[in-house]
Amino acid sequence: MMLPEWLSLNRRTFVAGATATTALTTAPFGGALPSLARTTDLPAGGTSDVTFEVNGEARSVTVDTRTTLLDTLREHLNLTGTKKGCDHGHCGACTVLVNGTRINACLSLAVMHEGDSVTTIEGLGTPDDMHPMQAAFVKHDGFQCGYCTPGQICSAVAILDEVGRGVPSHVTDDLTAPVALTNIELRERMSGNICRCGAYSNIAEAITEVAGGQG
């Protein structure tokens, strides 16, 4: 019986082909995949001047247009209070306030914020003159390792403003009534900020205390 030409593969040919395929998929990018290695030779992106207000102070920086707001704050302005956690918008550690609204700084480019007002944890208070939310977190031990705390506090400050303005959340039942900061409402609004230590109850107590003081 005659086999088609494409089935006439003998064992020696098969082994040689499989070996070549394995070498291609396991070799370092710099050797076997020159097309990927060349990506490092791509010309750098353009730069742009950005002027905005950070923690009440006018700042101007020249950044690669691909630079995130998070990296601009940390690497260009040395404001390292804002933390880089997942760098994908999942953990909330990089939360800052832009014109009073909380955002994940890792998901926003610096060039998008020309003229904006940015507030980081450093702009809320100092160790000697803490923001009420910072003081409440200390009082209620709302942190353990503290890495997520700057983002937690920025979010907490923002949600009290959201509630005060009547901005509903996913769990708000009555969209026509004033928003009440119930426990479930608070936890829903803070759900974008992950605490790896699990200090959620203490965080909720701190926010509730400040909310009560503002009522």
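Each residue of the sequence shown is one higher than the one before, counting from 1 in UniProt numbering. Glycine is no exception: its CB is placed at the ideal position from the N, C-alpha and C atoms.
query                                                                                                                                                                                    : result
How is the beta strand (DSSP E) around residue 208 delimited, first residue to last?                                                                                                     : Premise fails: residue 208 lies in the alpha helix (DSSP H), 200–214, not in any beta strand (DSSP E).
In three-state DSSP terms, what is residue 183?                                                                                                                                          : helix
Compare the Cα-Cα distances from residue 91 to each of 161, 197, 181, 207 and report the closest residue.                                                                                : 197
Straight-line CA distance for residue 200 to residue 169?                                                                                                                                : 19 Å
Can you tell me which of 129, 166, 160 puts its alpha carbon nearest to the alpha carbon of residue 187?                                                                                 : 160
Using beta-carbon positions only, say whether residue 64 and residue 47 come within less than 8 Å of one another.                                                                        : yes
Between the stretch 140–158 and the stretch 94–104, do three or more beta carbon pairs fall short of 8 Å?                                                                                : yes
Roughly how many whole angstroms lie between the Cα atoms of residue 124 and residue 114?                                                                                                : 21 Å
Please state the DSSP three-state secondary structure of residue 171.                                                                                                                    : coil
Should the stretch 170–186 be called in touch with the stretch 98–110, which here means at least 3 C-beta pairs below 8 Å?                                                               : no
Do residue 151 and residue 122 count as a contact pair if the criterion is CB distance below 8 Å?                                                                                        : no
So residue 114 is in the beta strand (DSSP E); what residue range does that whole segment cover?                                                                                         : Run containing residue 114: none; DSSP gives neither H nor E here.
Please give me, in chain order, every unbroken run of the alpha helix (DSSP H) with length at least 4 that falls completely inside the UniProt domain "2Fe-2S ferredoxin-type" (48–124). : 121–124
Whose C-alpha, out of 87, 136, 54, 73, is nearest the C-alpha of residue 212?                                                                                                            : 136
DSSP three-state label for residue 126, please.                                                                                                                                          : strand
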